[in-house]
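Asks:
Residue numbers (the numbering used here): 3 to 182.
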């Protein structure tokens with residue numbers, strides 16, 4: 003009971019001191035594990051654009067085209083972690099909604115991400131509903147509380163251009179988060 007009273011008082015003092023702080027100072031740390039996008043492994047050139055769909059569990063399925071993925075194994079899907087530091091008190095992170103944006107990173111390679119899908123969310127809930135799949139995705143999360151962080155898995159569709167050289171191809175994406 004004493005700890006709750008102390009934390010409530012600390013949050014009240016922090017709220018008063020941060021109320022006038024501009025929103026631009028609010029920071030949420032975003033980390034990806036693994037830090038790179040999934041890799042399809044070695045592929046054999048196709049004569050038409052080929053879409054490989056990576057589920058939120060890591061299963062890769064060719065949904066269109068004729069390029070061939072040499073491996074039938076699953077890939078390591080990204081887990082996105084959101085954190086605000088010790089006790090999530092910085093900028094009242096524990097009490098504020100978080101807006102997350104996911105988009106493909108610009109690139110000049112033959113493989114590009116065309117669709118994202120957000121998987122299981124841990125540590126909080128969506129502010130409204132689960133985001134729909136799309137070429138870029140924006141959604142809001144409920145506050146993560148004092149002792150928490152939030153994380154979710156990320157699936158995606160990757161298009162390999164027609165006539166792309168055989169071998170491994172890289173693609174990337176950007177995740178940003180801000181406090182509302």
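Glycine residues also receive a C-beta, built at the ideal position from the N, C-alpha and C atoms.
Out of 105, 50, 166, 172, which one is the CA nearest neighbour of residue 141?
Replies: Taking the first residue of the chain shown as position 1, residue 141 is located at position 139. Ranking the options by Cα distance to residue 141, first place goes to 105.
Asks: By a C-beta neighbour count over all protein chains shown, 10 Å radius and 16 as the cutoff for buried, is residue 159 buried or exposed?
Replies: For the purposes of this step, residue 159 is taken as residue 157 along the chain shown, with counting starting at 1. Looking at its Cβ environment, which holds 16 or more other Cβ atoms inside 10 Å, residue 159 is buried.
Asks: Anyone know if the C-beta pair for residue 51 and residue 162 falls short of 9 Å?
Replies: Here residue 51 refers to the residue found at position 49 of the chain shown. Here residue 162 refers to the residue found at position 160 of the chain shown. Result yes, Cβ atoms of residue 51 and residue 162 sit closer than 9 Å.
Asks: Which partner residues does residue 83 have in the DSSP bridge list?
Replies: Position 81 of the chain shown, counted from the first residue, corresponds to residue 83. Per DSSP, 33, 153.
Asks: Under the three-state reduction of DSSP, which class applies to residue 164: helix, strand or coil?
Replies: Taking the first residue of the chain shown as position 1, residue 164 is located at position 162. Residue 164: coil per DSSP, three-state reduction.
Asks: Between 110, 79, 69, which lies nearest to residue 35 when the distance is taken from Cα to Cα?
Replies: Counting from one through the chain shown, the residue named residue 35 turns up at place 33. Residue 79 is the option with its Cα nearest to residue 35.
Asks: Could you tell me how far apart the beta carbons of residue 107 and residue 174 are, in whole angstroms, since I believe they sit closer than 8 Å?
Replies: As a position in the chain shown, residue 107 is number 105, starting the count at 1. As a position in the chain shown, residue 174 is number 172, starting the count at 1. Rounded, the Cβ-Cβ distance is 4 Å, consistent with contact.
Asks: Roughly how many whole angstroms lie between the Cα atoms of residue 116 and residue 151?
Replies: Here residue 116 refers to the residue found at position 114 when the chain shown is read from its first residue. Here residue 151 refers to the residue found at position 149 when the chain shown is read from its first residue. Cα to Cα, residue 116 sits roughly 28 Å from residue 151.
Asks: Using 10 angstroms around the beta-carbon of residue 149, count the other beta-carbons present and answer buried if the total reaches 16, otherwise exposed.
Replies: Indexing the chain shown from 1 puts residue 149 at position 147. Residue 149 comes out exposed.
Asks: For residue 81, which residues from the same chain have a beta carbon less than 6 Å from its beta carbon, with the 5 sequence-adjacent residues on both sides left out?
Replies: Residue 81 sits at position 79 when you count from the first residue of the chain shown. Counting only Cβ-Cβ distances below 6 Å, and skipping sequence neighbours, we find 35, 153, 155.
Asks: State the Cα-Cα distance for the pair residue 63 and residue 53, rounded to the nearest angstrom.
Replies: Along the chain shown, one-based indexing puts residue 63 at 61. Along the chain shown, one-based indexing puts residue 53 at 51. Each residue's Cα considered, the two are about 8 Å apart.
Asks: Measuring only the C-alpha atoms, how far is residue 136 from residue 99?
Replies: As a working mapping, residue 136 is identified with position 134 in the chain shown. As a working mapping, residue 99 is identified with position 97 in the chain shown. Roughly 22 Å between the two C-alpha positions.
Asks: So, are the CB atoms of residue 103 and residue 177 less than 9 Å apart?
Replies: The sequence position of residue 103 within the chain shown is 101, counting from 1. The sequence position of residue 177 within the chain shown is 175, counting from 1. Yes, the pair counts as a contact, with Cβ atoms nearer than the cut-off.
Asks: With distances taken Cα to Cα, identify the nearest neighbour of residue 138 among 123, 118, 125, 132.
Replies: Locating residue 138 in the chain shown gives position 136, counting from the first residue. Considering only alpha carbons, the answer is 118.
Asks: Can you tell me which of the three DSSP states residue 97 falls into?
Replies: To locate residue 97, count along the chain shown from 1; it is residue 95. Note: residue 97 maps to helix in three-state DSSP.
Asks: DSSP on residue 181, reduced to helix/strand/coil?
Replies: Stepping through the chain shown from its first residue, residue 181 is reached at position 179. Three-state DSSP puts residue 181 in a strand.
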